[in-house]
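**Student:** This is the structure I want to talk about, given as structure tokens.
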Amino acid sequence: MTSIQMPQLGETIVEGTILKWLKSEGDLVKADEPLFEISTDKVDTEVPSPVAGTVTKLLVAEGDTVPVGTAVMEIDDGSGAGGNGSATPAAPAAPTPQTAPAAAPPAQPSPVPSQPAPTPTQTSQAAPTPPQEPAPSPQQASLPDRGPRSNILSPIVRKLARDSGIDLATVAGSGEGGRITKSDVLAAAAAGTPPSSTTTVTPLPSATPAAGAVMVAPSMPAGEGEQAEPMSHVRKAIAAHMLASTQQTARAWTMVEVNVEHLVRLREDTKEKFQANYGVKLTYLPMVTRATVDALHEFPLVNSRLDGENIITPRFVNMGIAVSYDAGLIVPVVKGVDGMNTVGIARAIADLAARARAHQLQPDEVQGATFTITNPGPYGSLLSVPIINQPNAGILSLDGIQKRPVVVEEDAIAVRHMVYISMSWDHRLIDGELATRFLARVKQNLERWDFAEDLGL
Amino acid sequence: MTDRLPGWLLAPAGLIDYDVANEAMHALARRRLAGEIPDTVIVVQHPPVFTAGRRATEDELLWDEGTVRARGGAVRRIDRGGSFTFHGPGQLVVYPILGLGGRPDAAAHLRRLEEVAIRTCADIGVTVGRRADVQTGVWVGDDKICAIGVRLLQARVTLHGMALNCDTDLAWFEGIVACGLPDHGVTSLTRELGRDVSVGEVVPTAIHHLSEVFELMLAEAPEDVVGPFVGAAVA
Chain A
350 MTSIQMPQLG ETIVEGTILK WLKSEGDLVK ADEPLFEIST DKVDTEVPSP VAGTVTKLLV
410 AEGDTVPVGT AVMEIDDGSG AGGNGSATPA APAAPTPQTA PAAAPPAQPS PVPSQPAPTP
470 TQTSQAAPTP PQEPAPSPQQ ASLPDRGPRS NILSPIVRKL ARDSGIDLAT VAGSGEGGRI
530 TKSDVLAAAA AGTPPSSTTT VTPLPSATPA AGAVMVAPSM PAGEGEQAEP MSHVRKAIAA
590 HMLASTQQTA RAWTMVEVNV EHLVRLREDT KEKFQANYGV KLTYLPMVTR ATVDALHEFP
650 LVNSRLDGEN IITPRFVNMG IAVSYDAGLI VPVVKGVDGM NTVGIARAIA DLAARARAHQ
710 LQPDEVQGAT FTITNPGPYG SLLSVPIINQ PNAGILSLDG IQKRPVVVEE DAIAVRHMVY
770 ISMSWDHRLI DGELATRFLA RVKQNLERWD FAEDLGL
Chain B
71 MTDRLPGWLL APAGLIDYDV ANEAMHALAR RRLAGEIPDT VIVVQHPPVF TAGRRATEDE
131 LLWDEGTVRA RGGAVRRIDR GGSFTFHGPG QLVVYPILGL GGRPDAAAHL RRLEEVAIRT
191 CADIGVTVGR RADVQTGVWV GDDKICAIGV RLLQARVTLH GMALNCDTDL AWFEGIVACG
251 LPDHGVTSLT RELGRDVSVG EVVPTAIHHL SEVFELMLAE APEDVVGPFV GAAVA
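Taken in sequence, the protein lines are chains A and B. In case it helps, the working numbering puts the first sequence at residues 350 to 806. In case it helps, the working numbering puts the second sequence at residues 71 to 305.
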């Protein structure tokens, strides 16, 4: 007896509706013959039988919606008593049927299927195997199907894997639909997955904790007066991302000092009106972003990325803004920031930061940055050396604004509001002259622009 | 990229009759299931037609069929997922016929279709996005610019696909509750950019991203496969 379950057609699909039974109780079915039709959100499909036999029971009615993994039909395939066998036809996306949309923990090495899943036949069979029709498996067809991980591999993931000698077939995907993400590759790289010399696929031992991946130092468990706590997924992802950046970029760093006296005055004079008019606080970050976007247009290479041996230079700027929140650090992206004035940028940053802190960002809102700004200034930093947010060519740091005695015109010493603005940049893509001219442009913009007009005040 | 699968591309010129394209698509999918042909991507435009997916309800067709016919359109009830949608001139329709293998991930397929639309629109100059809070498809704010609906043959081979409005006459969408969402609108690249964006302009970009996202090395399909489409061009 084989019990047929609602198949899982992807990790994020948690239920399905029986549209139509194509077989009735008592009907004979061959292996791979369609049993019923299901509908899941935007995808409909017929479900083929994993076995040959006789339909003995339909367990749900047409039109019923049931969770993935629910038994919907029984087929007597001669495997003997008792309903011990069970089969999820066609698409067992997980070894055990899941009824909850539990997101697979990222970077948790689950046993990776070594080959396209075997022909969907019954998984557990009683001892005397009955004569079973050899399933005409479409997978043995002359033209190859996509593998079990029918995933989008982004160019970044592919490149990263290539660069770090990781065989992607050995990497368990934690992304949507089992997609292999950059963090997965980074975690695998950090775990020291050996470079693949053959195409043989070795499942990762599921006992290896991925967290250990990041720390290759000798183990030093918690002693007296210490507390041990597992790293969160976010923490692990950050760790892998940062470590990979330091290992894979040729990081250099350049700083300029900017006189922001007039910006401080402008902000003091207009911050109340700005908030009243636009509903968000006026901070220096949108002004610096605006000045940076202009400089990126002037020096597009700073806005570029490497893809293999190609330098990709976008015609647009998507600005990543590093935001700290309770779970760690996240970099939401202001898409199309080059089409916005300072007010628009202020609103976009306020919105993204608020939703980041409320854990409400959509996945595409943290992807696609072409450059990144980090802003540790409000917490009191004077100078920071940030790690490049790959695949960006650079990351700009806005540190704290401070009154300092400076030499002004005619060699007088005066007190001015000054700030250090610096950039970590990837020497594979840009050189010191360009980095410095870029920063000089940012400085010039901030010192000379009259932002009052841009603020609409 | 050596790890791309070889695939066929069918991009017949002109408006292709819906029924002919639908039938040819199913025939190709059966051949794909049997492993006789590689992954195949069809890129077409149709004459005006409303198609009802399996989740469509009759009250979502707001015009009676007589009105639809009087305006030069047709209504078809078909086997894909989703509700009512419209296809017509000015809309880029893509039907990827892909073998998903023994562990098909239909959700990933939907995300890939969205990805193709997002990248294509970005290249044309329109920033679009997913609306995980609403529905599969690609959106500009509350307006859908690309509708998506899929069927799997034997849970293994993909049918139907996506429809991206380039310079579609959006008045047609008044005839239906598009995608079963009464509170959301539709838009097109032309409307978003304020200049005419033809299907012809978008096709090369879309094909580029289709091959990237679906990891295909696309080559023109052989003549016997293209044949039915050539005969089906109505304008």
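Just so it is clear, CB atoms sit at the ideal spot from N, CA and C, and this is done for glycine as well.
Where does Ile277 of chain B sit, in a helix, a strand or coil, going by DSSP?
**Tutor:** Ile277 of chain B falls in the helix class under three-state DSSP.
**Student:** Since Lys684 of chain A meets chain B, which of its residues come closer than 7 Å, beta carbon to beta carbon?
**Tutor:** In chain order: Thr197.
**Student:** Is it right to say Leu731 of chain A is buried, meaning 16 or more other beta carbons lie within 10 angstroms of its own, or is it exposed?
**Tutor:** Exposed, since its Cβ has fewer than 16 Cβ neighbours within 10 Å.
**Student:** Going straight from the alpha carbon of Arg654 of chain A to that of Trp774 of chain A, what length do you get?
**Tutor:** Going from the Cα of Arg654 of chain A to the Cα of Trp774 of chain A covers about 11 Å.
**Student:** Using a beta-carbon distance below 9 Å, is Gln314 of chain B in contact with chain A?
**Tutor:** Residue 314 of chain B is absent from the model: chain B starts at 71 and stops at 305.
**Student:** Just by C-beta distance, which residues in the region 119 to 133 of chain B are closer than 9 Å to chain A?
**Tutor:** The region 119 to 133 of chain B vs chain A, Cβ under 9 Å: Gly123, Arg124 and Arg125.
**Student:** Using DSSP with H/G/I as helix, E/B as strand and the rest coil, what is Ser581 of chain A?
**Tutor:** Correct three-state label for Ser581 of chain A: coil.
**Student:** Residues of chain A with a CB under 7 Å from the CB of Gln161 of chain B: which are they?
**Tutor:** Those do not exist, as Gln161 of chain B stays about 18 Å from chain A at its closest Cβ, beyond 7 Å.
**Student:** Using CA atoms only, rank isn't needed, just tell me which of A:Thr721, A:Met772 and A:Pro712 is closest to Ser733 of chain A.
**Tutor:** Residue A:Met772 is the option with its Cα nearest to Ser733 of chain A.
**Student:** Since Val210 of chain B contacts His254 of chain B with CB under 8 Å, what's their CB separation in whole angstroms?
**Tutor:** Incorrect: roughly 11 Å between the Cβ atoms, too far for contact.
**Student:** Flag this pair as yes or no: are the beta carbons of Val791 of chain A and Val583 of chain A separated by less than 9 Å?
**Tutor:** No, Cβ-Cβ distance for Val791 of chain A and Val583 of chain A is not below 9 Å.
**Student:** Between Ser398 of chain A and Ile353 of chain A, is the Cβ-Cβ spacing less than 9 Å?
**Tutor:** Contact: yes.
**Student:** Which same chain residues end up closer than 7 Å to Ile694 of chain A when comparing Cβ atoms and leaving out the 5 residues on each side of it in sequence?
**Tutor:** Closer than 7 Å at Cβ, skipping near neighbours: Pro635, Thr638, Arg639, Val683 and Val686.
**Student:** At a Cβ threshold of 9 Å, is Ala476 of chain A touching chain B?
**Tutor:** Note that Ala476 of chain A scores 39 on pLDDT, short of 50, meaning its location in the model is unreliable; the coordinates nonetheless yield the value given after this. Cβ-Cβ to chain B under 9 Å: no for Ala476 of chain A.
**Student:** Quick check: Phe284 of chain B and Val186 of chain B, are their CB atoms within less than 9 Å of each other?
**Tutor:** Yes, the Cβ-Cβ distance between Phe284 of chain B and Val186 of chain B is below 9 Å.
**Student:** Please go through the same chain and pick out, in chain order, the residues whose beta-carbon is closer than 6 Å to the beta-carbon of Ala577 of chain A, but skip the five residues on each side of it.
**Tutor:** Once the five neighbours on either side are set aside, the close Cβ partners of Ala577 of chain A are Ala571.
**Student:** Please return the same chain residues whose Cβ sits closer than 7 Å to the Cβ of Leu612 of chain A, not counting the five positions on each side in sequence.
**Tutor:** The residues are Tyr633, Met636, Leu795 and Phe800.
**Student:** So with Cβ pairs under 9 Å, would you call Glu106 of chain B a contact of chain A?
**Tutor:** Closer than 9 Å: yes.
**Student:** Verify the CB distance criterion: does Ile246 of chain B have a CB-CB separation below 9 Å to chain A?
**Tutor:** Ile246 of chain B does not count as touching chain A.
**Student:** I want to verify the contact list: residues of chain B whose CB lies under 8 Å from the CB of Asp687 of chain A, in sequence order.
**Tutor:** Under the 8 Å cutoff, chain B gives no residues; its nearest Cβ is about 11 Å from Asp687 of chain A.
**Student:** What residue from B:Pro274, B:Gly160, B:Thr110 and B:Thr121 has the CA that sits closest to Ile246 of chain B's CA?
**Tutor:** Closest option to Ile246 of chain B, Cα to Cα, is B:Thr121.
**Student:** Using only the alpha-carbon positions, how far apart do Thr691 of chain A and Asp803 of chain A sit?
**Tutor:** About 6 Å.
**Student:** List the residues of chain B whose Cβ lies closer than 7 Å to the Cβ of Ser388 of chain A, in chain order.
**Tutor:** By Cβ distance, chain B contributes Arg124, Arg125 and Gly151.
**Student:** Quick check on Pro570 of chain A - is its C-beta less than 9 Å from some C-beta in chain B?
**Tutor:** Chain B, which has no Cβ nearer than 9 Å to the Cβ of Pro570 of chain A, makes this no.
**Student:** Can you give me, in chain order, the residues of the region 701 to 713 of chain A that have a beta carbon less than 9 Å from any beta carbon in chain B?
**Tutor:** Result list: Gln711, Pro712 and Asp713.
**Student:** Taking 8 Å as the cut-off, does the region 133 to 149 of chain B touch the region 187 to 203 of chain B (at least 3 CB pairs, one atom from each stretch)?
**Tutor:** Flag = no, the region 187 to 203 of chain B and the region 133 to 149 of chain B do not touch.
**Student:** State buried or exposed for Ser532 of chain A, treating a residue as buried only when at least 16 other CB atoms are found within 10 Å of its CB.
**Tutor:** Ser532 of chain A is buried by the Cβ-count criterion.
**Student:** I think Gly194 of chain B touches Leu259 of chain B, with their Cβ atoms under 8 Å apart; what is that distance to the nearest whole Å?
**Tutor:** Contrary to the premise, residue 194 of chain B reads as Ile rather than Gly in this sequence. Right, the Cβ-Cβ distance comes to about 6 Å (below 8 Å), so this counts as a contact.
**Student:** Select from B:Gly199, B:Trp242 and B:Pro274 the residue whose C-alpha is nearest the C-alpha of Asp212 of chain B.
**Tutor:** Asp212 of chain B has its Cα closest to that of B:Gly199, out of B:Gly199, B:Trp242 and B:Pro274.
**Student:** Bridge partners for Val757 of chain A per DSSP, in chain order?
**Tutor:** A:Ala761.
**Student:** Using the Cβ count rule (16 or more neighbours within 10 Å means buried), how would you classify Glu262 of chain B?
**Tutor:** Glu262 of chain B is buried by the Cβ-count criterion.
**Student:** Ignore the nearest five residues each way along the sequence and tell me which others in Ala699 of chain A's own chain have a CB closer than 6 Å to its CB.
**Tutor:** Result list for Ala699 of chain A: Val629, in chain order.
**Student:** Would you be able to state if there are at least three C-beta pairs under 8 Å between the region 154 to 167 of chain B and the region 268 to 278 of chain B?
**Tutor:** Enough Cβ pairs lie closer than 8 Å, so yes.
**Student:** Could you name the residues of the same chain whose beta carbon sits closer than 8 Å to that of Ala784 of chain A, not counting the 5 residues immediately before and after it, in chain order?
**Tutor:** Cβ within range, chain order: Ala601, Thr603, Val651, Gly743, Met772 and Trp774.
**Student:** Let me know if Asp656 of chain A comes out buried or exposed under the rule of 16 or more other beta-carbons within 10 Å of its beta-carbon.
**Tutor:** Label assigned to Asp656 of chain A: exposed.
**Student:** Any beta carbon of chain A sitting closer than 9 Å to that of Pro174 of chain B?
**Tutor:** Yes, Pro174 of chain B lies at the interface with chain A (some Cβ there is under 9 Å from its Cβ).
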